[in-house]
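Numbering-wise (the numbering used here), the sequence shown opens with residue 231 and increments by one. Worksheet: the structure to be examined is printed underneath.
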Amino acid sequence: MPDATEAIIDLLRRIDPGENPVGLYQIGIPLVVESKHKFTEEQVLNGLMSLQSRKLIEITDENSLRLLKPLPEASDAIEGRD
């Protein structure tokens, strides 16, 4: 089973938001409800917090996120390298 952080990065790659904000429901619903891995809300939240602490994303007051820099490769995301 992939790590939630890796799954978020993969999902963001598919969404390809560029400069546009991404609603947190666009992340949560696919990973918690629709994913074959059925991540928990806590796992998704921890993955989002990890990405925010590494300054890859910013979670905004509008219940969305925006990319601050390019997404790392999946292997880098798992190991915390960026």
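Think of the CB as a built atom: it goes at the ideal place given N, C-alpha and C, for glycine as much as any other residue.
Within the same chain, show all residues whose beta-carbon is closer than 8 Å to that of residue i, passing over the 5 residues directly before and after it, in chain order.
i    : result
E271 : G258, V262
S319 : The first residue shown for the chain is 231 and the last is 312, placing residue 319 beyond what the model contains.
I'd like the span of the alpha helix (DSSP H) that includes residue i, first residue to last.
i    : result
R244 : 234-245
S280 : 271-283
Given residue i, which residues of its chain have a CB within under 6 Å of its CB, disregarding the five upstream and five downstream residues?
i    : result
I289 : Q282, L295
G248 : none
Please go through the same chain and pick out, in chain order, the residues whose beta-carbon is closer than 7 Å to the beta-carbon of residue i, but skip the five residues on each side of it.
i    : result
P269 : For clarity, residue 269 is Phe in the given sequence; the question names Pro instead. Hits under 7 Å: A234, A237, L261, V262.
R243 : L301
Return the first residue and the last residue of the beta strand (DSSP E) that residue i is part of.
i    : result
I287 : 287-289
Using DSSP with H/G/I as helix, E/B as strand and the rest coil, what is residue i?
i    : result
D312 : With a pLDDT of only 39 at D312, under the threshold of 50, the placement of this residue in the model should not be trusted; the figure read from the coordinates follows. Residue state, collapsed to three classes: coil.
G248 : coil
E264 : helix
Per the DSSP calculation, residue i is bridged to which residue(s)?
i    : result
S294 : G253
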